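Q: In this text, residue positions in the sequence shown follow this note's numbering: the first is 73, and each later residue adds one. By construction, the Cβ of each residue, glycine as well, lies at the ideal position given by its N, Cα and C atoms. Since the structure is predicted, the reported quantities are computational estimates derived from the model, not experimental observations.
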Amino acid sequence: MNDRIADACPLVPLASSLKIGDEAPDFTARTTQGDFTLSSLRGRWVILFSHPADFTPVCTSEFIAMARAVPQFEAMDCALVGLSVDSLPAHLAWLEAIRSRFGVTISFPVIEDPSLAIARAYGMLDLDARNSATVRAAYFIDPHGIVRVITWYPATVGRSVAEMLRVLAALQRVERGDVMTPEGWIPGADVVLPAGQTHEDIMAAGPDWFMNMSRDTEA
Ligand code: BEZ
73 MNDRIADACP LVPLASSLKI GDEAPDFTAR TTQGDFTLSS LRGRWVILFS
123 HPADFTPVCT SEFIAMARAV PQFEAMDCAL VGLSVDSLPA HLAWLEAIRS
173 RFGVTISFPV IEDPSLAIAR AYGMLDLDAR NSATVRAAYF IDPHGIVRVI
223 TWYPATVGRS VAEMLRVLAA LQRVERGDVM TPEGWIPGAD VVLPAGQTHE
273 DIMAAGPDWF MNMSRDTEA
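1. Roughly how many angstroms lie between the CA atoms of E184 and F135, to the nearest whole one?
2. Where does D107 sit, in a helix, a strand or coil, going by DSSP?
3. Taking the alpha carbon of Q244 as the reference point, which residue from P215, L265 and G256 has its own alpha carbon closest?
4. Taking 6 Å as the limit between beta carbons, can you name the residues of its chain near L90, skipping five residues before and five after?
5. Do you know how far the Cα of L120 is from the Cα of V84?
6. Select from I178, D158 and T128 the residue whose C-alpha is nearest the C-alpha of L69.
7. Classify W117 as helix, strand or coil using the three-state DSSP reduction.
8. Taking a contact to mean a Cβ-Cβ separation below 8 Å, would you say V153 touches V118 in this structure?
9. Among the candidates D107, A261, A96 and F282, whose CA atom is the shortest distance from the CA of V182?
10. Mind pulling the alpha helix (DSSP H) runs of 4 or more residues that sit fully within the region 193-281?
11. Could you check where the beta strand (DSSP E) with I183 kicks off and where it finishes?
12. Would you report the Cα separation of W224 and A210, rounded to the nearest angstrom?
13. Specify the secondary structure class of T177 as computed by DSSP and reduced to three states.
14. Following the continuous alpha helix (DSSP H) through V142, name the residue where it begins and the one where it ends.
15. Going straight from the alpha carbon of E289 to that of R116, what length do you get?
16. Taking 7 Å as the line, does the beta carbon of A96 fall inside it for any heavy atom of the ligand BEZ?
17. Does the beta carbon of V176 fall short of 7 Å from some heavy atom of the ligand BEZ?
18. In chain order, what residues of the same chain have a beta carbon less than 8 Å from the beta carbon of M285, not counting five sequence neighbours either side?
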């Protein structure tokens with residue numbers, strides 16, 4: 073475990089106050105692909121996602137979908153990293169069961185977090201839960217190590233990999249240019265231009281001054 077988290081552990085509250093815009097806490101942990109340090113992925117996008125428990129149906133469905141989408145995430149220079157409080161042997165057994173039963177190889181690392189150190193640092197724990205299972209949290213971390221999006225789903229509702237890809241594309245689009253993305257935006261769709269800051273800007277923009285949509289110059 074990285075010193076920063078290990079040292080902070082007794083002080084880390086059960087509910088982390090990690091927010092979007094914060095630096096993602098760094099850590100080193102055991103994974104299904106050997107020891108892993110989050111900061112080793114600086115320069116790439118990372119989606120760090122927790123799941124409540126190995127060998128459970130909703131989590132299995134998510135892992136299969138995420139594994140199948142790895143080429144799409146890779147094309148967007150984004151690494152997937154899974155995590156749960158289960159042990160490394162449990163993770164390895166579960167991934168092998170997914171491979172043998174569904175023919176799907178989980179090619180991204182899955183972190184074991186039995187001490188809950190990482191889950192606490194990130195705020196992946198549901199304080200009302202009766203056990204230590206993490207919620208379905210996902211942290212979209214930019215190439216500078218900054219948390220850009222946090223999602224929290226209950227254990228009983230699986231996430232949408234298509235939505236994860238869409239959110240990642242939107243984050244990358246707004247990062248590249250002076251635009252925002254409207255509801256449901258997908259690459260190629262119109263973007264939102266920032267509202268004018270002066271009376272002249274607003275007059276020039278016309279009646280749509282408060283929602284200035286534009287064709288995306290990248291489309
Ligand atoms: C599931 O992944 O199926 C699951 C995990 C924890 C609680 C309930 C469902």
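A: Let's see:
1. Sequence index remark: in the sequence shown, residue 184 carries index 112 (1-based). Sequence index remark: in the sequence shown, residue 135 carries index 63 (1-based). One C-alpha to the other measures close to 15 Å.
2. Position 35 of the sequence shown, counting from 1, holds the residue named residue 107. Three-state DSSP puts D107 in a strand.
3. Position 172 of the sequence shown, counting from 1, holds the residue named residue 244. Among P215, L265 and G256, the Cα nearest to that of Q244 is on P215.
4. Counting from one through the sequence shown, the residue named residue 90 turns up at place 18. Taken in chain order, the residues that qualify are Y194 and G195.
5. Residue mapping note: residue 84 aligns to position 12 of the sequence shown, counting from 1. Residue mapping note: residue 120 aligns to position 48 of the sequence shown, counting from 1. Low confidence applies here, because V84 scores a pLDDT of 45, under 50, leaving its location unreliable; read the following figure in that light. Rounded to whole angstroms, V84 to L120 spans 19 Å at the Cα level.
6. The first residue shown for the chain is 73 and the last is 291, placing residue 69 beyond what the model contains.
7. Start at 1 with the first residue of the sequence shown, and residue 117 comes out as number 45. Three-state result, W117: strand.
8. Numbered from 1 along the sequence shown, position 81 holds the residue referred to as residue 153. Numbered from 1 along the sequence shown, position 46 holds the residue referred to as residue 118. Contact: yes.
9. As a first step, residue 182 is located in the sequence shown; it is residue number 110 there, counting from the start. Nearest of D107, A261, A96 and F282 to V182, Cα basis: D107.
10. 233-248 and 271-277
11. Translated into positions along the sequence shown, residue 183 becomes position 111. It spans V182 to E184 - the beta strand (DSSP E) in which I183 sits, taken as one unbroken run.
12. By one-based count along the sequence shown, residue 224 stands at place 152. By one-based count along the sequence shown, residue 210 stands at place 138. If I take the Cα positions, the gap works out to 7 Å.
13. Position 105 of the sequence shown, counted from the start, is the residue given in the question as residue 177. DSSP places T177 in coil when its eight states are reduced to three.
14. The residue given as residue 142 occupies position 70 in the sequence shown. Its alpha helix (DSSP H) spans residues V142 to A147.
15. Numbered from its first residue, the sequence shown carries residue 289 at position 217. Numbered from its first residue, the sequence shown carries residue 116 at position 44. According to the sequence as given, residue 289 is Thr; it is not Glu. Straight-line Cα distance between these residues: approximately 24 Å.
16. Along the sequence shown, read from residue 1 onward, the residue named residue 96 stands at position 24. Not so, every heavy atom of the ligand BEZ lies at least 7 Å from the Cβ.
17. Working through the sequence shown from its first residue, we reach residue 176 at position 104. No, since every heavy atom of the ligand BEZ falls outside the 7 Å radius drawn around the Cβ of V176.
18. In the sequence shown, residue 285 corresponds to position 213, counting from 1. Excluding residues within five positions, the ones whose Cβ falls inside 8 Å are P254, D262, V263, V264 and L265.
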